[in-house]
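I have placed the structure first, in the form of C-alpha cells, so that the comments after it can refer back to it.
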C-alpha cells in the first residue's frame with residue numbers, strides 16, 4: 017500500500033521530473049558526498065597543512081563538487097527536467113569558486129575565509145530552495161534542508177569569527193566537509209529508492 021501511495025505521488029506531484037532525474041542519477045550525489053568526506057579527511061589527517069595547501073585542496077573540492085552538480089542538473093531526459101536551475105546554479109557556483117581559488121592562491125587569509133563563507137551561504141540557500149521544490153514528491157527532504165542549513169551556518173560562523181587560528185580553521189572546514197558529505201550520501205541512497213523501474 018505504501019509503495020502504491022509513493023508511486024502515485026511520484027506520478028502526479030509537481031517536481032516529479034526533477035525527482036526522477038535526481039533519482040536516476042543518485043550516484044552523482046553519492047560522488048559529491050564522497051568528495052566532501054575525502055576533502056575533510058585529508059584536512060584532518062594532514063596536520064601540517066599550510067594555508068596555500070588548504071586553499072588548493074578546497075578549490076579542487078569546490079571544482080569537483082560543481083562539475084558533479086552540473087552533471088546532475090543536465091542529466092534529466094527530455095522535458096522532464098522540471099525546476100532544476102538551482103542545481104545547475106549550485107554547480108556554476110562551485111566551479112567559479114574553484115577557478116577563483118586557483119587563480120588567487122596568494123590571497124590573504126581573511127579574503128579566503130570571506131570567499132569560502134560566501135560560497136557556503138550561496139550553496140546552502142540553493143539547497144534549501146531545492147528541498148522546497150522537491151518537498152511534495154520527496155520524502156525526507158529534510159536531508160537537503162539540513163545540508164543547506166549546515167552550509168549557511170558554516171558561512172555565518174566564518175563571517176562572524178574570521179580571526180580563529182589556522183588549526184581551528186582547518187578543523188572547522190574539515191568537519192563541515194565531512195558532515196556535508198555524509199548528508200549527501202544519505203540523500204543519495206534515499207533518492208536511489210525513487211529510481212525508475
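Numbering (the numbering used here), first residue to last: 17 to 213.
By construction, the Cβ of each residue, glycine as well, lies at the ideal position given by its N, Cα and C atoms.
Exercise for the section: Work out the CA separation of residue 76 and residue 200 for me, nearest whole Å. Expected result: As a position in the chain shown, residue 200 is number 184, starting the count at 1. As a position in the chain shown, residue 76 is number 60, starting the count at 1. Roughly 18 Å between the two C-alpha positions.
Handout entry: Limits of the unbroken alpha helix (DSSP H) element including residue 119
Key = As a first step, residue 119 is located in the chain shown; it is residue number 103 there, counting from the start. DSSP places residue 119 in the uninterrupted alpha helix (DSSP H) bounded by 101-119.
Handout entry: Residue environment, residue 143, which counts as buried when at least 16 other CB atoms sit within 10 Å
Key = As a working note, residue 143 is residue 127 in the chain shown. Buried is the label assigned to residue 143, since at least 16 other Cβ atoms lie within 10 Å of its Cβ.
Handout entry: Helix, strand or coil at residue 210 [DSSP, three-state]
Key = Looking up residue 210 in the chain shown gives position 194. In this structure, DSSP gives residue 210 a state outside helix and strand, which the three-state scheme calls coil.
Problem - Spatial distance of residue 128 from residue 165 (CA atoms) - result: On the chain shown, position 112 is the one that residue 128 refers to. On the chain shown, position 149 is the one that residue 165 refers to. Using only the alpha carbons, I get a separation of about 21 Å.
Practice task
Can you tell me which of 72, 120, 191 puts its alpha carbon nearest to the alpha carbon of residue 170?
Solution key: Walking along the chain shown from the start, residue 170 turns up at place 154. If we check each option's Cα against that of residue 170, 191 comes out closest.
Practice task
May I have the straight-line CA-CA distance separating residue 71 from residue 46, to the nearest angstrom?
Solution key: Here residue 71 refers to the residue found at position 55 when the chain shown is read from its first residue. Here residue 46 refers to the residue found at position 30 when the chain shown is read from its first residue. Distance between the alpha carbons of residue 71 and residue 46: 24 Å.
Exercise for the section: Inspect the beta-carbon positions of residue 74 and residue 194 and report whether they are closer than 8 Å. Expected result: By 1-based counting over the chain shown, the position of residue 74 is 58. By 1-based counting over the chain shown, the position of residue 194 is 178. Against a cut-off of 8 Å, the Cβ pair of residue 194 and residue 74 comes out as no contact.
Exercise for the section: Alpha carbon to alpha carbon, how far is residue 107 from residue 84? Give it in angstroms, no decimals. Expected result: For this step, residue 84 is matched to residue 68 along the chain shown. For this step, residue 107 is matched to residue 91 along the chain shown. Approximately 7 Å, taken between the alpha carbons.
Practice task
Return the CA-CA distance between residue 48 and residue 203, expressed in angstroms with no decimal places.
Solution key: For this step, residue 48 is matched to residue 32 along the chain shown. For this step, residue 203 is matched to residue 187 along the chain shown. Rounded to the nearest angstrom, the two C-alpha atoms are 11 Å apart.
Problem - Reduced DSSP secondary structure (H/G/I, E/B, other) of residue 62 - result: Translated into the one-based positions of the chain shown, residue 62 becomes position 46. If DSSP states are grouped into helix, strand and coil, residue 62 belongs with coil.
Problem - Proximity of residue 39 and residue 211 at Cβ, strictly below 8 Å - result: On the chain shown, residue 39 is found 23 positions in, with the first residue counted as 1. On the chain shown, residue 211 is found 195 positions in, with the first residue counted as 1. Cβ atoms of residue 39 and residue 211: closer than 8 Å.
Problem - CA nearest to the CA of residue 117, picked from 90, 86, 105, 80 - result: Locating residue 117 in the chain shown gives position 101, where the first residue counts as 1. Of the listed residues, the one whose Cα sits closest to residue 117 is 80.
Practice task
For the alpha helix (DSSP H) containing residue 163, list its first residue and its last residue.
Solution key: In the chain shown, counting from the first residue as 1, residue 163 sits at position 147. Annotation: the continuous alpha helix (DSSP H) that includes residue 163 extends over 158-176.
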